[in-house]
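Take a look at the structure set out below.
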Amino acid sequence: MMARRSLAIHTPVRVTWSRLSLFWSVCFVLNLTAMPLKAYFSETFPWHVPPLAPDFSLTPNDVATLESLQSLAQSQPHDTGFARDASAYVLWYPIELPAQSIPDDVGCMHWMLAFPAAALYGPGLRQFVCAYLARNASMRAAMPSTTNNSTFFRCQVGLVVGVPSMKFCLWLAPVPVNAAGITTRVIVAFGGTTYEPPAFAYLKFAARLYLCGFIARSVWATYFVHYNTLRSNLQATSPPLSTYARFDIHVGDPTYLVLSHPWVTLFLLVEIYSDVAYQGLSSVRCSQLQDLWQFALGCLYGSRGVWFGYWAMRYSTFLVKRWHWEDAFAAVDPGLLATASAFYAGPIFYAMSNIGPFVHLLQTLFSSNQNDTALEIFPVWLCLFITIGSMPLVYSVGRKWLLRRRPRVRPAGSDTYGHASFNDLKMRVLHGCLVRSYARSTEHNTVPVEGGTLYRLYDIHPGYKKLPLISHRGADCFVDCYLPDGTLGKKMRLSLLGCLDRQDRDPKWALDLCESCQRSATAAHVGSISSITHGDQLRDPEKTEAFKVHMGANGCSWVL
């Protein structure tokens, strides 16, 4: 009997990994790593880019470009459709125009909104449309055609900071309905090019591959490597120093660590700028609802505008910290933001392409050359993506305003901060799946919870947030501590110390770092933040409480 008890006492602690959390964490990593390559859902791979560039000459009657776009449209013999190849796209559908003339600009704008991708029309295309609508049906039928197939068209060159980057053509093909050839039904088509030089396409592809590798390495170096130290420290916790026989580690989501890297967000912003031609394709896809699959592809590609938001949240931190505005913003869940952007990007593009005031606003942002044969795209592109990218900042300020109107009071000893429900939406759903197997038991509801001290610090002084606008709750690690009889003894919530700003430059709020203090053997294996309440130890006599940071053994960066 004594031998059995002695054997049980010296049984080493087991450290296991939650398979479901590990699976989802790997999925999150793969999603983050492949993020730059998702552009190829819409873009052309460099080895498929044609070697010859389209004609970027500043001529409104570019028959060669028109015939190229028309042949692309003829690949789908339907009155309504969307076609695309390696370097161009076309959207077309029929419109029933009024038989009478529309001489005024207001009426012209009203009917122009029914045309495909009207928001992309520069002054030249608008003049062309209004001149056509200013004639009645008989006069339109008598108009001399500008091509051999009774098509009326006009083209324009799209410039990006003065560099010809794309070409657009709009053409009208009347559909005869009687012997006189008089009709009010017209097939309206709008097409554009997405050509980029092959060398540039390969350079961009190589840069994206490099960024994928950089993200993967960054995730390992800033996140997963800390699990090795945690596992080793927990394994070193052996009876009788610990009352627990097994620790089950739930891995978190490393998205925060990637988005907090300044170079990643900056590179993604530059990468978006290099894809202006494909942003035009995305906006055309989102401007219509006839083909919902094309609309969905446009939403997916347009959601990349959220990188403006990531960049804004990351770099506005310098101003927020400089002026101590941390309390004016609520931390935004990066995973929820990425998901939401895929849903709101498309409707924003659709509204800006079909609602009169928005279309008029965008068209006024276009600057044209003297002959109205070219227009500068950059101001419109910037306006669109600032709109999409500013959504996270607007949400952050708005959510903070709502929280202030409905303050949540948490007792000082509350375990709310350490509970899995105090998490980002994606991780709340994940943890809900993890506990489903024993959620019916009252054991799960009564088990003690420790950790989450960082969030209590944030409530005391928001300046302790290293990145006030980005939530790091999803990156937290949870550890289930099981007793020798297999029952769950407690749950620990661990946060990375790197998410904390110790306020080294502010003597009043600075957190001392204690690496050699003697604490209990159990607590030494992970870091902790202790409270100082004795008046003779407080730096500021007006403060009733201060804190000290204790590093875990072997430099463990996880803190309770």
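Everything in the sequence shown is counted per our numbering, starting at 3 for the first residue and increasing by one.
All C-beta atoms in this analysis are idealised placements derived from N, C-alpha and C, irrespective of residue type, glycine included.
_Of the listed residues 462, 309 and 81, nearest to residue 271 (C-alpha basis)_ = Residue 271 has its Cα closest to that of 309, out of 462, 309 and 81.
*Is the CB-CB distance between residue 90 and residue 74 below 7 Å?*
Taking C-beta atoms as the reference points, residue 90 and residue 74 count as a pair closer than 7 Å.
*Take residue 458 and list the residues in its own chain whose beta-carbon comes closer than 6 Å to its own, dropping the five residues that flank it on each side.*
Beyond the five residues adjoining it in sequence on each side, residue 458 comes within less than 6 Å, by CB distance, of 419 in the same chain, given in chain order.
*Pick out whichever of 212, 85 and 527 has its Cα sitting closest to the Cα of residue 195.*
In terms of Cα proximity to residue 195, the closest of 212, 85 and 527 is 85.
*May I ask you to report which of helix, strand or coil DSSP gives residue 530?*
Here DSSP, grouped into helix, strand and coil, assigns residue 530 to strand.
*What whole-angstrom Cβ distance do residue 43 and residue 302 have, given they're in contact under 8 Å?*
Yes, residue 43 and residue 302 are in contact; Cβ-Cβ is about 6 Å, under 8 Å.
_Considering only the alpha carbon of each residue, which of 282, 22, 17 and 16 lies closest to residue 431?_
For the options 282, 22, 17 and 16, the alpha carbon positioned closest to that of residue 431 is the one of 22.
*Give me whichever residues DSSP pairs with residue 158 in a beta bridge.*
Paired residue(s): 170.
*Residues in its own chain within less than 6 Å of residue 267 by CB, not counting five upstream and five downstream?*
Cβ neighbours of residue 267 beyond the five flanking positions: 312, 313 and 316.
*Under 8 Å by Cβ, that's how I've got residue 253 and residue 19 pegged, so tell me the actual separation to the nearest angstrom.*
For a cut-off of 8 Å, the C-beta gap from residue 253 to residue 19 is around 7 Å, short enough to register as a contact.
*Between which two residues does the alpha helix (DSSP H) carrying residue 323 extend?*
Counting along the chain, the alpha helix (DSSP H) containing residue 323 begins and ends at 308-324.
*Just checking, does the stretch 344-360 make contact with the stretch 108-123 on the three C-beta pairs under 8 Å criterion?*
Taking 8 Å as the limit for Cβ pairs, the verdict is that the stretch 108-123 does touch the stretch 344-360.
*Does the Cβ of residue 47 have 16 or more other Cβ atoms within 10 Å, making it buried, or fewer, making it exposed?*
Exposed: under 16 other Cβ atoms inside 10 Å.
_Between 98, 557, 359 and 423, which has its C-alpha nearest residue 493's C-alpha?_
Nearest of 98, 557, 359 and 423 to residue 493, Cα basis: 423.
_For the stretch 95-106 against the stretch 218-238, do three or more pairs of beta-carbon atoms, one drawn from each stretch, fall closer than 8 Å, so that the two count as touching?_
Touching, no, given that fewer than three Cβ pairs across the two stretches are closer than 8 Å.
*Within the same chain, show all residues whose beta-carbon is closer than 7 Å to that of residue 204, passing over the 5 residues directly before and after it, in chain order.*
Cβ neighbours of residue 204 beyond the five flanking positions: 48.
*Counting Cβ pairs, one atom from each stretch, are 3 or more of them under 8 Å apart for the stretch 273-285 and the stretch 327-346?*
With a cut-off of 8 Å, the stretch 327-346 and the stretch 273-285 do not count as touching, because too few Cβ pairs lie within range.
*Is the stretch 289-305 close to the stretch 54-63, with three or more CB pairs under 8 Å?*
Contact fails: fewer than three Cβ-Cβ distances are below 8 Å.
*Apart from the five residues on each side of it in sequence, which residues of its chain come closer than 7 Å, Cβ to Cβ, to residue 350?*
Answer for residue 350: 389 and 390, listed in chain order.
*Helix, strand or coil for residue 269, going by three-state DSSP, please let me know.*
DSSP places residue 269 in helix when its eight states are reduced to three.
*Assigned secondary structure, residue 453 (DSSP; H/G/I helix, E/B strand, else coil)*: Residue state for residue 453 is assigned as strand, using DSSP reduced to three classes.
_Between the CA atoms of residue 197 and residue 167 - distance to the nearest angstrom_ = Spanning the two alpha carbons is a distance of roughly 8 Å.
*asked:* Let's see if you can read the secondary structure: which residues bound the alpha helix (DSSP H) around residue 362?
replied: Run containing residue 362: 358-367, per the alpha helix (DSSP H) assignment.
*asked:* Suppose the cutoff is 6 Å on Cβ atoms and the five residues either side in sequence are ignored; what does the same chain contact list for residue 24 look like?
replied: Cβ contact annotation for residue 24 (same chain, cutoff 6 Å, sequence separation greater than five): 253, in chain order.
*Apply the 10 Å Cβ neighbour rule to residue 141 and answer buried if 16 or more other Cβ atoms are within range, or exposed otherwise.*
Its Cβ having fewer than 16 others within 10 Å, residue 141 is exposed.
*Name the one or two DSSP bridge partners that residue 370 has.*
DSSP lists 377 as partners of residue 370.
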